[in-house]
Amino acid sequence: MLKVKDLYAKIEDKEILRGINLEVKAGEIHAIMGPNGSGKSTLASVLAGREDYEITKGSVEFLGSDLLEMAPEVRAREGLFLAFQYPVEIPGVTTTNFLKTALNQIREYRGESPLDAVSFLKHIKDKMNLVEMNQSLLNRSLNEGFSGGEKKRNEIFQMAVLEPTLAILDETDSGLDIDALKIVANGVNKLRSSENATIVVTHYQRLLDYIIPDYVHVLYNGRIVKSGDKTLAVELENKGYDWIKEEVGSIA
Amino acid sequence: MSKDNQILEEFTSSEYKYGFETKIESDSAPKGLNEDIIRFISTKKNEPEWLLEWRLKAFRHWQNMTEPKWPNVKYPNVNFQDIIYYSAPKQKKKFDSLNEVDPELLETFKRLGISLEEQKRLTGVAVDAVMDSVSVATTFKEKLGELGIIFCSFSEAVREHPELVKKYIGSVVPVADNFYAALNSAVFSDGSFCYIPKGVRCPMELSTYFRINAANTGQFERTLIIAEEGSYVSYLEGCTAPMRDENQLHAAVVEIFAHKNAEVKYSTVQNWYPGNKEGKGGIYNFVTKRGMCFGDNSKISWTQVETGSAVTWKYPSCILKGDNSVGEFYSVAVTNNFQQADTGTKMTHIGKNTKSRIVSKGVSAGKSQNSYRGLVKVQKRAENARNFSQCDSLLMGDKCGAHTFPYIEIQNQSAKVEHEATTSKIGEDQIFYLNQRGIDTENAVALIVNGYCKEVLNQLPMEFAVEAQKLLALTLEGSVG
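Top line first, the protein sequences correspond to chains Y and R. For the first sequence, the positions run 1 to 252 when the numbering used here is used. For the second sequence, the positions run 1001 to 1481 when the numbering used here is used.
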């Protein structure tokens, strides 16, 4: 469903992505790993449609359409979801209210009728159990005063409610203790189906013990330099990233 | 707004129309302001001698006053001799159907969720027979009458309840209080009068929502609300629909008098024409609003949503004279394009154990300037006074301004005064987050601004709150670039 071809992107005058090639099919989980500064979060942001980045070359096809042509909200309505590494706080806007607005805009785009408050609450009830979300968090302002773990769980909760076709998890495990990590991973696994796909961007192998990937790619200096299956992640954990850097050699 | 309120308002305004009977050749006064004009106005309205004298006293004060220049707003000098101070009630041009009305205006009504029936009333389209039914309105007026509640136009109150008007007019805002109050006292056209008798809780929200049919009352409106011991009333002023008026200067005066254990809640939604995108035209809204918490345990709350006018200059205030009295001020002031606002409140603590609460939310966009000006004054004998003030500014874009002028004057050591202020911008990150969830930028801004103003909007009666939310979104349209 996602075809990234030779993608180059820069921010201000710095080139970060230098020819990314990636193909993700329905039902698959891909992990993207790499050292700091390799471009992992940039890739996630570029796919989500962040304007700060300029695409200088390449193409991205999503469900048969040109993704780069779409505004970020359109990408979302088409079924793309990004679980942010640092979710922002929006005072005064409750999670419930915000999610209902989002879901209804997506439904409108798909030609479905909007959900009223009662139907919406019914819809999310099951999803709440998925990430052990409690009601009180939902009635508070979006992410305001949430702990790190609560923010990440909130991201997965939103994913559960919006039911995206392609979910990109940007370092969802950063800042989480082992229990929070398990809850998040459990949620992601439960949402997995043969119709959707997930890209997990992560630093550490640890998350991949719980979310088992079909493919692992290593990003270094803006390019995917190595791909393999889940055993590649274990190898990285044991050897570190220096091994990759040596294998690839430095690129100017 | 409920149909009941609309019909009530229509009835009370039209009764004033029918009561107008003086025969003078010309319908309008010539331009300019002098004692003759004031006599003309008073005669036209059939006023008693004491009220004419009161007006003249105000006028003489006004002549010795100069226009204040301290607010943080700029506008061309007003030529007071170039204004017509009295015009006969104009018949609004009657259209046969909404198809004849300016489509842009209709689009605005649609955005604000104003029903078709209400749209017709607002634009002067002939209204269906059902809406005009006098019998329904009569039942309503009877209901209020049974409780002893008086709610009518100011002019009618002068005729029917002169002793009440005479007792209270100027008791909260004296004629010489300030330049514009003096002017208003001299030439006020009409307004509302409300009296709630002892122990009565007014069962419905009193509203001046649809004052279109009332004669040119926008210009110098005078409102007086009296709440006797143990009474309660919630009063709504204004309209979310954009209001045009050929008179540019609006200088209203609102006085509220609350006796022991009484409570008055006064809510305003103001959307006067703000001028065009280049900052030309637009209403000047210079208002004096003040509440006197006269009796012990009395309470007055002001809630305002100001989105219109080219220049807004007003400080709804409370004088906390009675022991344990409470004053509240909740405000959302939005400015866009070239609008300017200098608004806030004055809380004067005089009695013992008095409390005041101020929550002000300013939103500036475009090239506008938005100022909060507040005074918390605790007088010498005000034991144990408590105040909490919070003034927040939200800036949208980098060409607008937000300013805060807090004044705190404490003359009693036992006072506890808290003041918090924040200034923020709508972050790109916040917008992007909402975009990524499928919400387009226009809706994202509306969501964020409404969240920001929530504490104030929650104070409004529910129907007003829903329309106010839509109004905020509409006012800020196109401000995120």
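C-beta atoms are modelled at their ideal positions from N, C-alpha and C, and glycine is treated no differently. This structure is a prediction, so every number in the text was calculated from the model and none was measured.
Would you mind reading off the limits of the beta strand (DSSP E) that contains residue i?
i	result
A197(Y)	197-201
W1313(R)	1311-1314
D170(Y)	166-170
M33(Y)	29-33
G1344(R)	1340-1349
I1256(R)	1253-1258
F62(Y)	53-62
S1153(R)	1150-1153
S1234(R)	1232-1238
A83(Y)	80-83
Y1195(R)	1192-1196
R1222(R)	1222-1227
T1066(R)	Per DSSP, T1066(R) belongs to no beta strand (DSSP E) and is neither H nor E.
For residue i, collect the residues of the same chain with a Cβ closer than 7 Å to its Cβ; drop the 5 residues on either side in sequence, then sort them by chain order.
i	result
L1056(R)	E1035, I1038
A9(Y)	I16, L17, T42, V46, Y53, E54, I55, T56
I211(Y)	I29, A185, V188, N189, V200
L1144(R)	F1151
D6(Y)	G19, N21, K57, G58
K1166(R)	W1050
N1261(R)	E1229, G1230, G1295, N1297, S1298
P1162(R)	P1048
D1177(R)	T1288
From which residue to which residue does the alpha helix (DSSP H) around residue i run?
i	result
P1162(R)	1162-1168
Q1063(R)	1049-1063
M1436(R)	One detail in the question is off: residue 1436(R) reads as Gln in this sequence, not Met. 1428-1436 is the extent of the alpha helix (DSSP H) around Q1436(R).
Q158(Y)	148-162
G49(Y)	Here G49(Y) belongs to no alpha helix (DSSP H), and DSSP marks it neither H nor E.
Y241(Y)	Counting along the chain, Y241(Y) falls outside any alpha helix (DSSP H), and DSSP gives it neither H nor E.
L115(Y)	No alpha helix (DSSP H) holds L115(Y); DSSP gives it neither H nor E.
DSSP has residue i in a bridge; who is on the other side?
i	result
T1404(R)	Y1372(R)
F1388(R)	R1357(R), E1418(R)
L7(Y)	I20(Y)
M1292(R)	F1257(R), I1319(R)
F1329(R)	W1302(R), I1358(R)
V216(Y)	A31(Y), G228(Y)
Y1284(R)	L1249(R), V1311(R)
E1409(R)	K1377(R)
Quick one: residues in its chain with C-beta nearer than 8 Å to the C-beta of residue i, no 5 flanking neighbours on either side, listed in chain order?
i	result
S1026(R)	Caution applies to S1026(R), whose pLDDT of 47 falls short of 50 and renders its modelled position unreliable; the value that the coordinates give is listed next. Here the set comprises nothing.
L115(Y)	K100, L103, N104, R107, H123
E1205(R)	N1005, S1234, Y1235, L1236, P1461
L176(Y)	G148, G149, K152, V184
A1415(R)	H1349, V1378, A1382, N1384, A1385, R1386, N1387
For residue i, I'd like the list of residues in its chain whose CB is within less than 6 Å of its CB, leaving aside the five on either flank, ordered along the chain.
i	result
V218(Y)	M33, G34, V225, K226, I244
K3(Y)	E23, E61
Y1018(R)	Unreliable positioning characterises Y1018(R) in this predicted model, as indicated by a pLDDT of 24, which lies under 50. A coordinate reading is not provided.
T1422(R)	D1392
P1197(R)	G1148, E1228
Q1369(R)	Q1340, G1401
D1128(R)	The pLDDT assigned to D1128(R) is 42, lower than 50, so where the model puts this residue is not dependable; a value taken from the coordinates is nonetheless given after this. Here the set comprises nothing.
G992(R)	An answer regarding residue 992(R) cannot be provided, because it is not within the stretch 1001 to 1481 covered by chain R.
N139(Y)	T94
I1426(R)	M1396, I1448
L208(Y)	A31, A233
A167(Y)	F81, M159, T198
W1302(R)	Y1266, P1316, F1329
L1052(R)	S1042
Q1390(R)	V1359, E1420
S38(Y)	L219, Y220
Y241(Y)	P35
Could you name the residues of the region 1430-1441 of chain R whose beta carbon sits closer than 9 Å to any beta carbon of chain Y, in the order they occur along the chain?
Q1430, F1432, Y1433, L1434, N1435, Q1436, R1437, G1438, I1439, D1440, T1441
Report the residues of the region 1307-1339 of chain R with a CB closer than 7 Å to any CB of chain Y, ordered along the chain.
none
Contacting positions in the region 89-100 of chain Y - beta carbon closer than 7 Å to chain R
I90, P91, G92, V93, F98
Please name the residues in the region 1451-1472 of chain R whose beta-carbon is closer than 7 Å to at least one beta-carbon of chain Y, in chain order.
G1451, Y1452, K1454
Segment contact, 8 Å Cβ cut-off, at least three pairs: the region 126-139 of chain Y with the region 1460-1479 of chain R:
no
Is there contact between the region 1441-1458 of chain R and the region 1278-1296 of chain R, where contact requires at least three CB pairs shorter than 8 Å?
no
Whether or not the region 1408-1421 of chain R and the region 75-85 of chain Y are in contact is what I'm after, with contact meaning three or more pairs of Cβ atoms, one per stretch, closer than 8 Å; do they touch?
no
In the region 39-50 of chain Y, which residues sit with their C-beta less than 8 Å from some C-beta in chain R, listed in chain order?
A48, G49, R50
Going along the region 168-179 of chain Y in order, which residues come within less than 8 Å of chain R, judged by CB to CB distance?
none
Taking 8 Å as the cut-off, does the region 1430-1439 of chain R touch the region 1362-1379 of chain R (at least 3 CB pairs, one atom from each stretch)?
no
Residues in the region 104-135 of chain Y with C-beta within 8 Å of chain R's C-beta atoms, listed in sequence order?
Q105, I106, Y109
Output, in sequence order along the chain, the residues in the region 154-166 of chain Y whose CB is closer than 8 Å to any CB in chain R.
Q158, L162
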